[in-house]
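Worksheet for the structure shown next.
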Amino acid sequence: MRLVRRILALLVLAGSIVLLVRYRQNVEAAIIEKTFDAVAYAHAVEEEAASKLRQLPQVILPFHKTDESVKPISSDTPSADTATSKRPTAVEPIITTLKDEDGAEIKDVGAFWAKWSRILHDARPTTATIKLSGHAPAQKPPGGEQTRKPYKDLVRQTIEELEPLQEAHKQLVTELETELGDGKDGQSQRQWKGLDIFRGRALSLWAVESCTLPVEVFVPDDDEYEAEICDQYLKKLDAKCVVLSHILDQSPIKTGAGSYGKDVDMKITHYQLKALALLLSSFSDALLLDSDSIPLFDPAEIIFNAEPYQSKGMIIWPDFWRATESPKFWTIAGRTSFPTDLPATSSETGQLAINKATHLAPLLLATYYNLFGPDHYYPLQSQGALGQGDKETFLAAVATLNATYYRVRTSAVSLGRNDGLRDRGTAMVQHSPADDFRYHSKGTSSPPSHNSIRAMFLHSNTPKMNAGHLIDEGDLVGADGETRLRLLGTKEALTKQFGYDVEKTLWDLLVQTGCELQGTLKEWKERERICERLDEHYKKVFG
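Counting from 1, position 332 in the sequence shown corresponds to residue 338 in this note's numbering; the numbering is continuous, with no gaps.
Structure below.
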């Protein structure tokens, strides 16, 4: 539960944040934490006879030359074909020359970005914005298909018109091969495992409270930096804020990160910030979390110290819907045929685990796809489908560079509520990669038992679990204007699925956080009686 409490604590932050956590070899704490989890799990199985528990992920991989004699390591590893004006600083800038625990100097993050931002910018697209003839619908793969088939091409431009985009892509891939062919990135990093939380508001504190790992919180710029939260509240949780623009401004390639920066070389907002926070973090192993994705287990043991992460270096989770990239994307990426060995469903990046020591090249390529995503790679990779953004960029990068990865095979599960008129989706459940890997490694064709693959993340995105917003925007009350609603399902259903009433636990922490920060968090100061109204809802619904 400590992990959950710390994440919830960070998610109250306004604006875009990315959280990174250092792994600690704290044997005593690990024993206590694991004992607690084991007892809770055994108790749930005993009482419910079928339960699911919880967990959490992390970071990136290296480029290597494609060789047709080299076969994919597993069905999860695709084989690539032949690829041939400055703003005043309002807060103290980040110290870019960091030191590890022994005092040894590590790589200057600003210098690293100055180098790679130039390389990425030099390979920028020169073609016109991608135009679509329609938008791909949100549909599940037909007939229960498990592997990918080409979706119809909605891109209006011909492949001949997109040749300059293909050449720019090839230029970057060649540069990655030249610079990183041996897997070395030139960026010395602390060998720490950590947690990244992106765009935090009401639940990040859950992650920070419940995690044994120290945390870096990335905010886009000074406007998003709240000194009282960063310097006082988060410090008590062994977390610190890093202002992303302080790193980006050290490059001659100017970016607009956050709310300012119109006259820039590369405009960076929203989804694009997530890949940058991963890239520029000081941790070697990192878990990226959206602020509304709640880990139900500490990642230290469940992700970082277990398979498939240790051998694959990158873990990606599935979305509900069919993958809808244009076949032209793979031609642009240098492949001679469509990769039918990829999963049939698209990906969901509310959580992403990556080892940067081995996967720097794919992370840089994913960053490239995001930097030039809105006009080019997002429409190429999703064709206007629901959730278009960074969601396909990471899988596309590892597939293009033939890097190892693991895509969780267990389908995401939807949770929701009925408001008196209709059913509404609230959250999606993602599952433990360790459990998923163990089960599918057996080669069995029988479906998994109810408790063999545990729930690991609760991605509660409609509505966002922002304490200030929840009480003002009508999501807690039914269509009759009076009935108080549970958002995730009945107590009985949640206890059967998770082993306990996860929504009640969530609300325990929402009330606690809302009451502690109602007069502190900038975004909440204009909202009236947050603590009182949260407590009122809690008592009416949970007693």
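Virtual Cβ for every residue (Gly too), placed ideally from N, Cα, C.
Scanning L527, L494, E522 for the CA closest to the CA of T511 turns up L494. If you compare the alpha carbons of E542, S455, P226 with that of C521, the shortest gap goes to E542.
Separation of the CB atoms of K397 and D325 is rounded to 7 Å, and the pair is thereby assigned contact status at 8 Å. When DSSP states are grouped into helix, strand and coil, P314 belongs to the coil group. Judged by DSSP in its simplified three-state form, G484 adopts coil rather than helix or strand.
Judged by beta-carbon spacing, I253 lies within the 7 Å limit of V115, meaning their Cβ atoms are closer than that value.
Rounded to whole angstroms, E169 and I459 show a C-alpha spacing of 45 Å. Counting every other CB atom within 10 Å of its CB across the protein chains shown gives A499 a total below 16, marking it as exposed. Taking the CA atoms as reference points, K137 sits about 21 Å from A372.
Assigned with DSSP and collapsed to three states, E354 falls in strand. As for any beta strand (DSSP E) of minimum length 3 sitting wholly inside the segment 419-450, the runs are 419-424, 429-437, ordered along the chain. In this structure, the beta-carbon distance from Q357 to F504 does not fall below 7 Å. When secondary structure is reduced to three states using DSSP, H475 falls in the helix class.
Classified as buried, A433 has 16 or more neighbouring CB atoms from the shown chains inside 10 Å of its CB.
For the pair L243 and L286, the Cα-to-Cα distance works out to about 22 Å. Within the model, the alpha-carbon separation for A329 versus T351 is close to 5 Å. DSSP places G200 within a strand segment (E or B) once states are collapsed to three. A straight line joining the alpha-carbon of L377 with that of N361 spans about 21 Å. Apart from the 5 residues on each side of it in sequence, C236 sits with its Cβ closer than 6 Å to the Cβ of C247 in its chain, given in chain order. Nearest neighbour of L250 by Cα position, chosen from W513, E234, E222, K241, turns out to be E222. Assignment of beta strand (DSSP E) within the segment 378-425, counting only whole runs of 3 or more residues, yields 419-424 in chain order. Linking T489 to W513 through their CA atoms gives a straight-line distance of about 17 Å. Between P385 and G379, the alpha-carbon positions lie close to 8 Å from each other. In this structure, S420 places its C-beta atom within 7 Å of the C-beta atom of G431. Look at H127 here: in three-state DSSP terms it is helix.
Only residues of its own chain outside the window of five on either side were considered, and among them R423, E509, V547 have a CB closer than 7 Å to the CB of R492, listed in chain order.
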